[in-house]
Each structure stands twice: as structure tokens, then as C-alpha cells.
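Residue numbers (the working numbering), protein chains in the order written: chain P, 227 to 468; chain Z, 227 to 468.
Idealized CB from N, CA, C, for every residue including glycine.
Model, not experiment: these values are computed from the prediction.
Structure first, commentary second.
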């Protein structure tokens, strides 16, 4: 399936434009991955000196979003792409929007975790946070991989993985609520961790959104509001036709 | 400026298609407004019987999003619109995505506020919540109005209003944190209000996003990552040219 968008166009120039957009999206994705990795090191390992790097990367991510989006509009206006290519361009436009917001959430995680945190994060919560962070990083890595290879199977894995993130999320929230109950003086600091955890959970949602956009791009079926089982049945039906 | 997209097309049929999409967006916006209004009544007035209505409306909003998005793709593929119309279609696609998520946040507000809330919400917080809710409702009303009339000035008001929402948001969060400190047993219930307040704040952000999309549609300038002052200067410069 990985060659879906290649070798079908009359214009070599057009092909190159599409490839250029795709590689820019992956470049942008790489920066956001880096932001998330650093934000997690701030949150889990108290490496607060990394927060600045996460925040500074935001400007690059933002300008890449605008640049790629304008390139998409230009391509649509000039090349008037047909169905499959148009879907690719629309998917890119939505994907970069999600990526930009993933960067924003990473920034929130990095910012919230910087100050007044001495001794607030207990070991049990820290372990859970590290696990949840790894899950979300893996989702982001996989979804960029699915985008790069136009790979529906990997995209489906990402959609499925979100349930695991949500499960861990709920566990951590419960731990933090218990903590605030037991130690009222820690409430303001614990709330900061709470927001960071919430951002991580949203980050997972956004990876799932990108995965859904990829599935739509390939299948031409909008799965955003369909149950996962029905999506899997749809994918199976399609691959039987191939 | 309200006639920007009318009367310029060769094809009357095309005009009708664009108008149809626009009116569907406004229809969708109306349903989301209703969701927000009901969610606020659940949260502020304890009218928990309305939560069901907010949740049920979600399916309609979701299917409208998919329907309008597919119509946009069809229009681009068939009509191959030039710059201005293409911007309109791209803006619609982004706007309905934000609207759908505004509906999701309203659903979160309605859900979180339903249970175990007896006596948790103190009068001072309730008053603040009612104010914040009104601000957000006004933002949504205005941004739909700005979309309907392609009105940049109103869109700018919405971008500006978000700061007011954020100010109230911070005040309420502080009140709730104090509350949890003073009354540890209330922590789980107060956290539910916390999430609802966070959803309201995000709702305001999403209205601001739509406003920015509208400004982009009209000016052709992507303002998402530009400071507000620079945007205002840009708008002034453009209107001097008219």
C-alpha cells in the first residue's frame, strides 16, 4: 500500500510537490517527537532545564504548520488534484494541525512541571507517569510511521493503543486525587501534575485523530465517528477486495 | 464584506453548493450552541436532567461534520475552486472540526456535572461559573455570526474575548484549589468541577480558533501564530486599501 500515491501522476513536478509536502510533515513530526521526549524528561526525571528547549521549538513547529498549510492550498489551487491526491492533501492539512497541538500539549507538560515540584511527585506516581509517557511516545512514533508508509495496519494499532493510555490516565488521576485528600497542603503542586497528565491524555487523543485521518486517506471512509469494531470490519472487507 | 463570496461565480450551481455548505455549518453551529447552553444549565443550575439531551445531540453533530466535510471534498474535486472559494471551503472544513470538538467539550461539561455534586458548588464559585459560561456562550454566538456574515471585525472581537475567559478561568481554578485545601473530603467532587471548568476554557480557545480561520479566509493571512496587535495592524492596512 505504500506506493499508493506514487507513480500515478501525469506530472513529475506534481509528484515532487506531494513528496515535498510529505517529507515536511515528517520533519515537523520529528520536532514534535523531540518536544514530547524532552517534556517527559522534565516531568518524570525533573530535568527542568529542558523545558526551555521544548518551549523554543514551538515557534519552529508553528511556522512549519503555516508553511505546509499554504503549500497544500497552493497545490490544490494549481494542480486541481483528483480524489486520491486531494485526500492526501486534506489529510496533510489536518495532520499538521494535530501535530501543532501535540506540540502545544508537550509545551504545557514542560511548563507545568518546572516549578515548586520538590518532593511532590511520589515514586508510585512517577512510575505510572513514565509508563503513560512511553505509551504516548510510542503512539506518536507509530502514527508518524503510519503516515510515512501510508500504512493502515499501523494506524489501526494507534487507534487501539489509545484505550491503554486512557486506562493508565484514570489510574494516575485516582492516585493524585487520593494524594490531595491525604495531604491538603500539596494540592496546588499536585494540581500542576494533574494538568500535565491531562495534557498527556489529550496528546494520545490527537495521535488517534491523526491515525483516523490516515485511515480515511487510504480507505476513503470517514471513521471518525464509527466504532472501532466496524472500522476493522471495513478494513478487512477492503483488503479482501485487493 | 458580507458579499465577498457571492455573485462572483460563473456557475449558479456552484454558488448554490457553497451556500448550502455555509447554511449547513450554521445549522451545525446552532445545535452546538444549544448543547453549550444546556451543559451550562446542568453545571450552574444543577438541571442534571438536561445532560442526556447534550449527550444525545452529539451523534447529530458528528454526522453533520462528516457530511459537510465530504461535501467540501466533493466541491473541491468537482469545481476546482480558485483562491477565494478554495479558502472558504478549507475554512469550512476546519470550522466544523472545531465545532464538533466544542460539542465534545459541552458533553464533558454536562457529564461531569451530573453526579455526586450535592452541596459541593459554593455560591461564590457558582456565580463565577455563570459569568464564565456567559462569556463562552457569547464567544460562540459571535463567532457563528462572524462566519455567517464573513465579518472580520466580529471575528477580531472573539479573538480578543478569549483573554477575558482566561482571566475568569484562573480565578475559578484558584477558588477551587483553595476549596480542596480547606476541605479534603470534597476533593473528588471538586475535581469534577475542575474538569468542567477546563472544558469551558478549551471551548473558548476553539471559538478563538474559528475566529482565526475566518480572518484567514477573508484576509488570506494566516494569523494563527501572530500576535494580536500585529493582526489588528494587518486588518487596518487592508481596510485602507479598500
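Please confirm whether residue i has its beta-carbon closer than 9 Å to some beta-carbon of chain P.
{"i": "residue 289 of chain Z", "result": "yes"}
{"i": "residue 247 of chain Z", "result": "no"}
{"i": "residue 237 of chain Z", "result": "no"}
{"i": "residue 228 of chain Z", "result": "Unreliable positioning characterises residue 228 of chain Z in this predicted model, as indicated by a pLDDT of 43, which lies under 50. A coordinate reading is not provided."}
{"i": "residue 392 of chain Z", "result": "no"}
{"i": "residue 451 of chain Z", "result": "yes"}
{"i": "residue 380 of chain Z", "result": "no"}
{"i": "residue 376 of chain Z", "result": "no"}
{"i": "residue 399 of chain Z", "result": "yes"}
{"i": "residue 420 of chain Z", "result": "yes"}
{"i": "residue 443 of chain Z", "result": "no"}
{"i": "residue 403 of chain Z", "result": "yes"}
{"i": "residue 406 of chain Z", "result": "yes"}
{"i": "residue 417 of chain Z", "result": "yes"}
{"i": "residue 338 of chain Z", "result": "no"}
{"i": "residue 316 of chain Z", "result": "yes"}
So, is the C-beta of residue i closer than 9 Å to a C-beta in chain Z?
{"i": "residue 264 of chain P", "result": "no"}
{"i": "residue 241 of chain P", "result": "no"}
{"i": "residue 308 of chain P", "result": "yes"}
{"i": "residue 424 of chain P", "result": "yes"}
{"i": "residue 456 of chain P", "result": "no"}
{"i": "residue 323 of chain P", "result": "yes"}
{"i": "residue 292 of chain P", "result": "yes"}
{"i": "residue 319 of chain P", "result": "yes"}
{"i": "residue 303 of chain P", "result": "yes"}
{"i": "residue 352 of chain P", "result": "no"}
{"i": "residue 332 of chain P", "result": "no"}
{"i": "residue 371 of chain P", "result": "no"}
{"i": "residue 413 of chain P", "result": "yes"}
{"i": "residue 312 of chain P", "result": "yes"}
{"i": "residue 277 of chain P", "result": "no"}
{"i": "residue 285 of chain P", "result": "yes"}
{"i": "residue 459 of chain P", "result": "no"}
{"i": "residue 358 of chain P", "result": "no"}
Could you name the residues of the same chain whose beta carbon sits closer than 6 Å to that of residue i, not counting the 5 residues immediately before and after it, in chain order?
{"i": "residue 429 of chain Z", "result": "328, 331 and 362"}
{"i": "residue 252 of chain P", "result": "374"}
{"i": "residue 418 of chain P", "result": "338"}
{"i": "residue 313 of chain P", "result": "443"}
{"i": "residue 421 of chain P", "result": "338"}
{"i": "residue 317 of chain Z", "result": "439 and 443"}
{"i": "residue 405 of chain Z", "result": "416"}
{"i": "residue 462 of chain Z", "result": "none"}
{"i": "residue 265 of chain P", "result": "280, 332, 335 and 336"}
My output table needs one value for residue i: the three-state DSSP class, helix, strand or coil.
{"i": "residue 354 of chain Z", "result": "helix"}
{"i": "residue 347 of chain P", "result": "coil"}
{"i": "residue 291 of chain Z", "result": "helix"}
{"i": "residue 272 of chain P", "result": "coil"}
{"i": "residue 453 of chain Z", "result": "coil"}
{"i": "residue 237 of chain Z", "result": "coil"}
{"i": "residue 446 of chain P", "result": "coil"}
{"i": "residue 244 of chain P", "result": "helix"}
{"i": "residue 463 of chain P", "result": "helix"}
Taking a contact to mean a Cβ-Cβ separation below 9 Å, would you say residue i touches residue j in this structure?
{"i": "residue 410 of chain P", "j": "residue 410 of chain Z", "result": "yes"}
{"i": "residue 308 of chain Z", "j": "residue 303 of chain P", "result": "yes"}
{"i": "residue 436 of chain Z", "j": "residue 325 of chain Z", "result": "yes"}
{"i": "residue 365 of chain P", "j": "residue 395 of chain P", "result": "no"}
{"i": "residue 297 of chain Z", "j": "residue 243 of chain Z", "result": "yes"}
{"i": "residue 369 of chain P", "j": "residue 399 of chain P", "result": "no"}
{"i": "residue 261 of chain Z", "j": "residue 283 of chain Z", "result": "yes"}
{"i": "residue 474 of chain Z", "j": "residue 268 of chain Z", "result": "Since the first and last residues shown for chain Z are 227 and 468, residue 474 of chain Z lies out of range."}
{"i": "residue 426 of chain Z", "j": "residue 353 of chain Z", "result": "no"}
{"i": "residue 531 of chain P", "j": "residue 441 of chain P", "result": "Lying before the first or after the last residue shown, residue 531 of chain P is absent from chain P, which here runs from 227 to 468."}
{"i": "residue 315 of chain P", "j": "residue 258 of chain P", "result": "no"}
{"i": "residue 349 of chain P", "j": "residue 401 of chain P", "result": "no"}
I'd like the list of long-range same chain contacts for residue i, defined as Cβ closer than 7 Å, with 5 residues on each side in sequence excluded.
{"i": "residue 347 of chain Z", "result": "419"}
{"i": "residue 208 of chain P", "result": "Missing from the structure shown is residue 208 of chain P; chain P here goes from 227 to 468 and no further."}
{"i": "residue 322 of chain Z", "result": "251, 254, 291, 294 and 295"}
{"i": "residue 319 of chain Z", "result": "295 and 298"}
{"i": "residue 233 of chain P", "result": "At residue 233 of chain P the pLDDT is 46, less than 50, meaning the model places this residue with poor confidence and gives no usable figure here."}
For residue i, I'd like the list of residues in its chain whose CB is within less than 8 Å of its CB, leaving aside the five on either flank, ordered along the chain.
{"i": "residue 388 of chain P", "result": "365, 430, 431, 433 and 434"}
{"i": "residue 390 of chain Z", "result": "361"}
{"i": "residue 237 of chain Z", "result": "305"}
{"i": "residue 392 of chain P", "result": "427 and 430"}
{"i": "residue 445 of chain Z", "result": "378, 460, 461 and 464"}
Which residue spans inside the region 293-339 of chain Z form an unbroken alpha helix (DSSP H) run of at least 4?
As far as the region 293-339 of chain Z is concerned, its whole alpha helix (DSSP H) runs of at least 4 residues are 309-338.
Item checked: Continuous alpha helix (DSSP H) assignments of at least 4 residues falling wholly in the region 361-412 of chain P -> Every alpha helix (DSSP H) stretch that sits fully inside the region 361-412 of chain P and reaches 4 residues is listed by chain position as 378-408.
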